[in-house]
Amino acid sequence: MITFKEFLQEDAVATKRRGVQHLQKMKPADFILLMREIKKQFPSGKLTNVAMNLKIDGMGFRFGRDSKGRPFFESSYSGPVYDAGQFVDYAKKQGDPGQIGRAEKTEEIFQKVMNGDVMKVVPKDRKVMCEILYNPLGEITSSGAIKFVHVAYDRAKLGQTMTIVPYNVVISSTGEVAPDADRIKQSLNEVSTPDIKVLGNRLQHDPIDISATVDAVKTLTPNALEVLRSRKKVDAEAKQVLTQTIQKMKERLADIILTHKGIRGKDVLGDQIEGLVLTFGDHEVKVTPPEIKQAVAASRAERGKRTAP
Numbered sequence: 002m003i004t005f006k007e008f009l010q011e012d013a014v015a016t017k018r019r020g021v022q023h024l025q026k027m028k029p030a031d032f033i034l035l036m037r038e039i040k041k042q043f044p045s046g047k048l049t050n051v052a053m054n055l056k057i058d059g060m061g062f063r064f065g066r067d068s069k070g071r072p073f074f075e076s077s078y079s080g081p082v083y084d085a086g087q088f089v090d091y092a093k094k095q096g097d098p099g100q101i102g103r104a105e106k107t108e109e110i111f112q113k114v115m116n117g118d119v120m121k122v123v124p125k126d127r128k129v130m131c132e133i134l135y136n137p138l139g140e141i142t143s144s145g146a147i148k149f150v151h152v153a154y155d156r157a158k159l160g161q162t163m164t165i166v167p168y169n170v171v172i173s174s175t176g177e178v179a180p181d182a183d184r185i186k187q188s189l190n191e192v193s194t195p196d197i198k199v200l201g202n203r204l205q206h207d208p209i210d211i212s213a214t215v216d217a218v219k220t221l222t223p224n225a226l227e228v229l230r231s232r233k234k235v236d237a238e239a240k241q242v243l244t245q246t247i248q249k250m251k252e253r254l255a256d257i258i259l260t261h262k263g264i265r266g267k268d269v270l271g272d273q274i275e276g277l278v279l280t281f282g283d284h285e286v287k288v289t290p291p292e293i294k295q296a297v298a299a300s301r302a303e304r305g306k307r308t309a310p
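Here it is in structure tokens:
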């Protein structure tokens with residue numbers, strides 16, 4: 002089957018996904034190494050001025066201009082799209098009615114972004130990476146909130162039609178982070194309207210004391226990494242005990258971060274959140290609330306039932 006990227010002619014570089022580690026799912030050995038790195042960065046065990054972003058439970062899109070200044074729009078699977086109708090044309094070739102319906106909504110988003118003020122402020126050879134919450138794709142809950150995937154957002158805090166949350170800006174021709182990313186994001190915020198709202202997802206926080214977890218990792222057996230990486234039968238029992246102990250540490254740490262009272266702005270779209278993404282040097286770590294983890298697991302189980310023979 003031909004892929005959408007093969008279906009299109011591209012001049013801008015398709016965005017490569019950047020891996021984010023999930024704290025609660027992180028491999029035990031990776032967790033130990035992360036705690037050691039955090040100890041070096043924050044000797045007191047208090048996270049101070051850590052880059053923290055609100056994870057948005059929407060659809061991942063990109064938009065911008067190529068090196069020639071031509072505007073384009075990109076979904077998570079498409080690569081750059083320059084012309085209207087491409088999403089629907091591709092969906093029709095696949096012959097799936099459900100896919101055609103989704104493609105039609107994507108075309109609506111395409112039109113609003115390509116012809117809107119947000120595109121006007123993006124300079125040549127720049128691509129905005131964002132999450133989009135498009136109200137017609139949401140489900141109205143019994144409380145009047147709008148649920149797009151797993152999170153129910155406060156309708157009054159969303160744009161009347163669409164909410165765009167930019168989280169990065171890259172150079173279209175290379176994929177590298179743009180040196181003027183912050184300025185472009187500020188320009189996008191300035192063209193926000195009640196209909197198409199643009200929101201930032203960067204959060205501010207007071208120091209978060211995780212010293213108990215950092216110190217607990219230090220008390221693990223000196224050869225913990227060796228045991229965790231071992232495939233020897235003699236290490237199996239110790240490995241299992243270590244894995245269970247570290248999982249409890251990860252869950253406690255997640256709870257400390259998620260319930261910290263000094264995180265400002267995480268309720269920008271309502272009380273429910275999909276998660277928080279923290280950056281430690283080259284490491285991006287996502288912390289997910291238990292109720293979202295449960296919702297994701299239930300959704301996967303339901304999909305599994307539908308696809309089972």
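First residue of the sequence shown: 2, per this note's numbering; consecutive thereafter.
Idealized CB from N, CA, C, for every residue including glycine.
Assigned secondary structure, K186 (DSSP; H/G/I helix, E/B strand, else coil) = As a position in the sequence shown, residue 186 is number 185, starting the count at 1. Helix.
Using a Cβ-Cβ cut-off of 6 Å (strictly less than) and excluding sequence neighbours within five positions of R265, which residues of its own chain qualify?
-> Translated into positions along the sequence shown, residue 265 becomes position 264. Around R265: Q205.
I141 to A182, Cα distance in whole Å?
-> Within the sequence shown, the letter at position 140 stands for residue 141. Within the sequence shown, the letter at position 181 stands for residue 182. Spanning the two alpha carbons is a distance of roughly 34 Å.
I33 Cβ short of 6 Å to the ligand FAD heavy atom set | Looking for the ligand FAD in the displayed structure turns up nothing, as the structure carries no ligands at all.
Buried or exposed: which applies to D67, given that a residue is buried once 16 or more other Cβ atoms fall within 10 Å of its Cβ?
-> For the purposes of this step, residue 67 is taken as residue 66 along the sequence shown, with counting starting at 1. Buried, because 16 or more other Cβ atoms sit within 10 Å of the Cβ of D67.
Note down, in chain order, each residue of its chain lying with its Cβ closer than 7 Å to the Cβ of I3, except the 5 sequence neighbours on either side.
-> The sequence position of residue 3 within the sequence shown is 2, counting from 1. With a pLDDT of 39 at I3, under the threshold of 50, the modelled position of this residue cannot be trusted; read the value that follows with caution. For I3, where only same-chain residues beyond five positions count, there are no Cβ hits under 7 Å.
For D210, write down the residues that DSSP places opposite it in a beta bridge.
-> As a working note, residue 210 is residue 209 in the sequence shown. In DSSP, D210 forms a bridge with K47.
Which residue's Cα is closest to the Cα of E292: E275, R301, E285, G282?
-> Position 291 of the sequence shown, counted from the start, is the residue given in the question as residue 292. Here the closest residue by C-alpha is E275.
Whole-angstrom C-beta distance between I165 and C131, which should lie under 8 Å | Along the sequence shown, one-based indexing puts residue 131 at 130. Along the sequence shown, one-based indexing puts residue 165 at 164. Confirmed, about 5 Å.
Three-pair Cβ contact test at 8 Å for the region 234-252 versus the region 176-190 | Touching, no.
Just grab the DSSP bridge partners of I165 for me.
-> Here the question's residue 165 lines up with position 164 in the sequence shown. Answer by DSSP bridge pairing, in chain order: I133, V199.
What distance in whole Å lies between the Cβ atoms of L259 and P290, which are believed to be in contact at a cut-off of 8 Å?
-> Counting from 1 along the sequence shown, the entry for residue 290 is found at position 289. Counting from 1 along the sequence shown, the entry for residue 259 is found at position 258. Contact annotation, P290 with L259: C-beta distance approximately 6 Å; criterion of less than 8 Å satisfied.
Among D210, I247, F281, L277, which has the Cα closest to the Cα of A225?
-> Sequence index remark: in the sequence shown, residue 225 carries index 224 (1-based). Comparing alpha carbon positions, the residue from D210, I247, F281, L277 closest to A225 is I247.
From Y168, F74, L134, D126, residue whose alpha carbon lies closest to that of V278 = Here residue 278 is taken as the residue at index 277 of the sequence shown, counted from 1. V278 has its Cα closest to that of Y168, out of Y168, F74, L134, D126.
Are the region 37-46 and the region 54-74 in contact at 8 Å, needing three or more beta carbon pairs?
-> The way I'd put it, the region 37-46 doesn't touch the region 54-74; fewer than three beta-carbon pairs between them come closer than 8 Å.
With a cut-off of 8 Å on the beta carbons, I'd call L24 and V288 a contact; round off their distance for me.
-> In the sequence shown, the residue the question calls residue 24 occupies position 23. In the sequence shown, the residue the question calls residue 288 occupies position 287. The C-beta separation of L24 from V288 comes to about 5 Å, placing the pair in contact by the 8 Å criterion.
Cross-strand partners of V82 (DSSP beta bridge) | Working through the sequence shown from its first residue, we reach residue 82 at position 81. Per DSSP, F74.
Hey, quick one: how far does the beta strand (DSSP E) through V178 stretch, first residue to last?
-> What you label residue 178 is simply residue 177 of the sequence shown in a count that begins at 1. Per DSSP, V178 lies in no beta strand (DSSP E) segment and is marked neither H nor E.
In terms of alpha-carbon separation, which member of D283, G139, N136, A298 lies closest to L34?
-> By 1-based counting over the sequence shown, the position of residue 34 is 33. Of the candidates D283, G139, N136, A298, the one whose C-alpha sits nearest the C-alpha of L34 is D283.
On the premise that P81 lies in contact with F88, defined as a C-beta separation below 8 Å, what is that separation, rounded to the nearest angstrom?
-> One-based indexing of the sequence shown puts residue 88 at position 87. One-based indexing of the sequence shown puts residue 81 at position 80. Actually they are not in contact, since the Cβ atoms of F88 and P81 sit about 12 Å apart, beyond 8 Å.
Where N202 falls, given that 16 or more other Cβ within 10 Å makes a residue buried = In the sequence shown, the residue the question calls residue 202 occupies position 201. Buried, by the Cβ-count rule.
Less than 7 Å separating the beta-carbons of V178 and L189?
-> On the sequence shown, position 177 is the one that residue 178 refers to. On the sequence shown, position 188 is the one that residue 189 refers to. Not a contact, by the Cβ cut-off of 7 Å.
Beta-carbon contacts of L159 that lie in its chain and below 8 Å, excluding the five residues immediately before and after = Here the question's residue 159 lines up with position 158 in the sequence shown. Contacts found: L134, N136, I147, K198, L270.
What does K287 pair with, by DSSP beta-bridge criteria?
-> Here residue 287 refers to the residue found at position 286 of the sequence shown. DSSP, once it has assigned bridges, lists H23, V278 as partnering K287.
Is the CB-CB distance between V21 and E285 below 7 Å?
-> Numbered from its first residue, the sequence shown carries residue 21 at position 20. Numbered from its first residue, the sequence shown carries residue 285 at position 284. Yes, the Cβ-Cβ distance between V21 and E285 is below 7 Å.
At which residues does the alpha helix (DSSP H) containing G65 begin and terminate?
-> In the sequence shown, counting from the first residue as 1, residue 65 sits at position 64. It is not in any alpha helix (DSSP H) - G65 instead sits in the beta strand (DSSP E) that spans 60-66.
Cβ neighbour criterion (16 or more within 10 Å) applied to D268 = Within the sequence shown, residue 268 is the residue found at index 267, counting from 1. Exposed, because fewer than 16 other Cβ atoms sit within 10 Å of the Cβ of D268.
Would you say I209 and H261 are within 7 Å of each other, going by their C-beta atoms?
-> Numbered from 1 along the sequence shown, position 208 holds the residue referred to as residue 209. Numbered from 1 along the sequence shown, position 260 holds the residue referred to as residue 261. Yes; because the gap between Cβ atoms is below 7 Å, this pair is in contact.
Taking only the alpha-carbon atoms, compute the straight-line gap between A237 and K294 and give it to the nearest angstrom.
-> As a first step, residue 237 is located in the sequence shown; it is residue number 236 there, counting from the start. As a first step, residue 294 is located in the sequence shown; it is residue number 293 there, counting from the start. Between the alpha carbons of A237 and K294 lies a gap of roughly 28 Å.
Indicate whether at least one CB of chain D lies closer than 7 Å to the CB of I33.
-> Absent from the structure is chain D; it holds one protein chain and no more.
Cα separation between A298 and K94?
-> Counted from its first residue, the sequence shown places residue 298 at position 297. Counted from its first residue, the sequence shown places residue 94 at position 93. Taking the straight line from one Cα to the other gives about 32 Å.
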